[in-house]
Amino acid sequence: MRKLKLGIIGVGNIGSKHYGHVLDGKCPDIEITAIADRRKVRRDWAMEKYAEAKAKGYSAEAPAVFTEGDDLVASGLCEAVLIAVPHYDHPHFAIEAFRHGQHVMCEKPAGVYTLQVREMIAEADKHPELVFGMMFNQRTNPVYRKMHDIIASGEIGQIRRTSWLITDWYRSQYYYDSGDWRATWSGEGGGVLLNQCPHQLDLWQWICGLPVKVHAKMKYGKWHNIEVEDDVSCWCEYENGATGTFITTTGDCPGTNRFEIVCDGGTLVCDKTSLKLYRLNPWEPEYSKTTKKVFGKPEVTEEIPVLEGENSQHVGVLNAFADAILNGGKLVADGREGIRGLMISNAMHLSDWLNKEVELPFDEELYYNLLKEKIATSRKKTAETVDGDTEGSY
Ligand SMILES: NC(=O)c1ccc[n+]([C@@H]2O[C@H](COP(=O)([O-])OP(=O)(O)OC[C@H]3O[C@@H](n4cnc5c(N)ncnc54)[C@H](O)[C@@H]3O)[C@@H](O)[C@H]2O)c1
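Numbers in the working numbering are just positions in the sequence shown, counted from 1, shifted up by 1200.
What follows is the structure, given as structure tokens:
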């Protein structure tokens, strides 16, 4: 069977992981026909990695090597590109690739501000024959898939409260100093909401839907010497009147990862990797209306839902992407869905900057204008990029 000819733009921390997965044989339907990176050290690393893989039996030709992502796209050597450069440039490369007739797998977040992501989606919509995927690798986690299915099935009724305390994204000052683009308004466009939390913001909206209002408070450089947010507390409201909270930081250690969804007929509690379902009999609204006990409660039964499938993460997302292109299979996450989590994080920033509640959809021009003010005063970092082992960091 033929293999998908994939180009990787950016072989830094995560791009090199994707490249390694293919060369190590974990993505049998993909061959890497080109890579691009502005840094010579990463281009050299990619060729060394290729020689190693070849010696171990990787059979594809050596990838062409480019310095600029634009040259990789223009080369015509790839049917599809995987974009793994800093966030601001995701829409640029996606748009270029679509215009060259190439399928796109975009790293999270979809971009930094929704206006640029809308341009990316508009270009994708002009090419319905091209596959557009988003690297939301945590959507392969059986725990979140189960939560999604239970809520979508309606078996525990409508949501009344969501809360995600996601504070186990610890990062040190050394992490923030390890790249000139990191944790600056001009290079990254945000902090924990733009770098670590796009995964949770996506899962939160995928499972619970988009809120209609957010009110957020955040601290910038509270735990680190950085100019962007590293401590966020957000309250939200949904269309049905349910409420939610989302709290995150990169300062706590060990931190917590607890995601709770309270519904009329039960509660889902996800604590890191474990999932419990507390079912109510009868459902709370019925119990409350019918009971004659002064201090009674509905009967609660604890269940451990059976999880299905493997947690294939990045490899699973890439393999599904190849399958979607080669055989019409289903993506893990459509690229067009990337804007949804970004809408929440942009709205949270806007809420903090304006010091008031913000309704969704929000004023995206206003958000962009305020972001540009921050970019204009952003401090220039001269850090030399250090590559680290990302294992277990996502
Ligand atoms: N899905 C995940 O689990 C996950 C994990 C880490 C990072 N990411 C995302 O991947 C992206 C990259 O993050 P990273 O940590 O790998 O960053 P990084 O700085 O380690 O790597 C980015 C690489 O892109 C190269 N680059 C930048 N502009 C380029 C251009 N125009 N042409 C060619 N090469 C270019 C840089 O030289 C660098 O080597 C970010 O958007 C980040 O959010 C996703």
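Where a beta carbon is used, it is the ideal one built from N, C-alpha and C, also for glycine. Note that the structure is a prediction, hence the values are computed from the model and not measured.
Which stretch, first to last residue, makes up the alpha helix (DSSP H) that contains Val1312?
Premise fails: Val1312 is in no alpha helix (DSSP H) and is neither H nor E.
Does the Cβ of Glu1537 have 16 or more other Cβ atoms within 10 Å, making it buried, or fewer, making it exposed?
buried
Near ligand 1: Ala1533 beta-carbon under 7 Å from a heavy atom:
no
Starting from the C-beta of Asn1511, find all residues in its chain whose C-beta is less than 7 Å away, skip the five residues before and the five after it, and write them out in chain order.
Thr1340, Asn1341, Pro1342
Consider the C-beta atom of Lys1308 and the heavy atoms of ligand 1; say whether any pair is separated by less than 7 Å.
True, at least one ligand heavy atom lies under 7 Å from that Cβ.
Closest by CA to Gly1215, which one among Ile1295, Lys1308, Ser1275, Lys1254?
Lys1308
In the DSSP assignment, the beta strand (DSSP E) including Arg1242 goes from what residue to what residue?
In this chain, Arg1242 is not harboured by any beta strand (DSSP E); it is covered by the alpha helix (DSSP H) spanning 1240-1255.
Lys1346 to Lys1240, Cα distance in whole Å?
Cα to Cα, the separation comes out at about 43 Å.
In whole angstroms, what is the alpha-carbon distance linking His1622 and Cys1470?
Outside the shown range of the chain, which is 1201 to 1594, sits residue 1622, and nothing can be said about it.
Any idea which residues DSSP pairs Lys1226 with across the strands?
Paired residue(s): none; Lys1226 is not in a bridge.
What whole-angstrom Cβ distance do Met1334 and Asp1534 have, given they're in contact under 8 Å?
7 Å
Pick helix, strand or coil for His1424, following the three-state DSSP scheme.
coil
Buried or exposed for Lys1530, please, with buried defined as at least 16 other CB atoms from any protein chain shown within 10 angstroms of its CB.
exposed
Cα-Cα separation, Gly1220 to His1290
21 Å
When the Cα atoms are used, what is the spatial distance from Gly1387 to Gly1357?
Rounded to the nearest angstrom, the two C-alpha atoms are 43 Å apart.
Nearer than 7 Å: is that true of the beta carbon of Thr1450 relative to any heavy atom of ligand 1?
Thr1450: no, Cβ never under 7 Å from ligand 1.
Would you report the Cα separation of His1399 and Trp1369, rounded to the nearest angstrom?
11 Å
With DSSP as the reference, identify every bridge partner of Lys1476, one or two as the case may be.
When DSSP reads this structure, Lys1476 sits in a beta bridge with Val1469.
Arg1318: beta carbon under 7 Å from a heavy atom of ligand 1?
no
Unbroken alpha helix (DSSP H) run spanning His1303, endpoints:
First-last for His1303: 1303-1307, but that is the beta strand (DSSP E), not the alpha helix (DSSP H).
Tell me whether Asp1244 is buried or exposed, calling it buried when 16 or more other Cβ atoms sit within 10 Å of its Cβ.
With fewer than 16 other Cβ atoms within 10 Å, it is exposed.
Using C-beta distances below 8 Å, list every residue in its chain close to Cys1278, excluding the 5 sequence neighbours before and after it, in chain order.
Lys1205, Leu1206, Gly1207, Thr1233, Ala1234, Leu1272, Gln1302.
If you reduce the DSSP assignment to three classes, tell me which class Cys1436 lands in.
Note: Cys1436 maps to strand in three-state DSSP.
Locate the alpha helix (DSSP H) running through Leu1541, then write down its first and last residues.
As written in the sequence, residue 1541 is Gly, which differs from the Leu given in the question. Here the alpha helix (DSSP H) through Gly1541 covers 1538-1554.
The alpha helix (DSSP H) spanning Glu1296 covers which residue range?
1290-1299
Do you know offhand how far Ala1520's Cα is from Gln1338's?
Computed Cα separation, rounded: 14 Å.
Met1305 and Ala1280 look like a contact to me (Cβ under 8 Å); what is the Cβ gap, rounded to whole Å?
7 Å
Distance, Leu1330 Cα to Glu1319 Cα
16 Å
For Ser1363, which residues does DSSP report across the bridge?
In the DSSP output, where bridge partners are listed per residue, Ser1363 has Thr1445, Glu1460.
Given a cut-off of 8 Å on the beta-carbon distance, is the pair Gln1373 and Arg1540 in contact?
no
Kindly list the residues whose CB is nearer than 7 Å to the CB of Val1392, restricted to its own chain and excluding five residues on each side of it in sequence; keep chain order.
Trp1369, Glu1429, Asp1430, Val1432, Thr1448, Thr1449, Thr1450
What's the gap between the Cα of Glu1557 and the Cα of Ser1578?
For Glu1557 and Ser1578, the distance between alpha carbons rounds to 26 Å.
So which of Ala1416, Gly1379, Lys1254 has the shortest CA-CA distance to Pro1286?
Measuring C-alpha to C-alpha distances from Pro1286 to each of Ala1416, Gly1379, Lys1254 identifies Gly1379 as the nearest.
Tyr1376 to Gly1516 span [Cα, whole Å]:
29 Å
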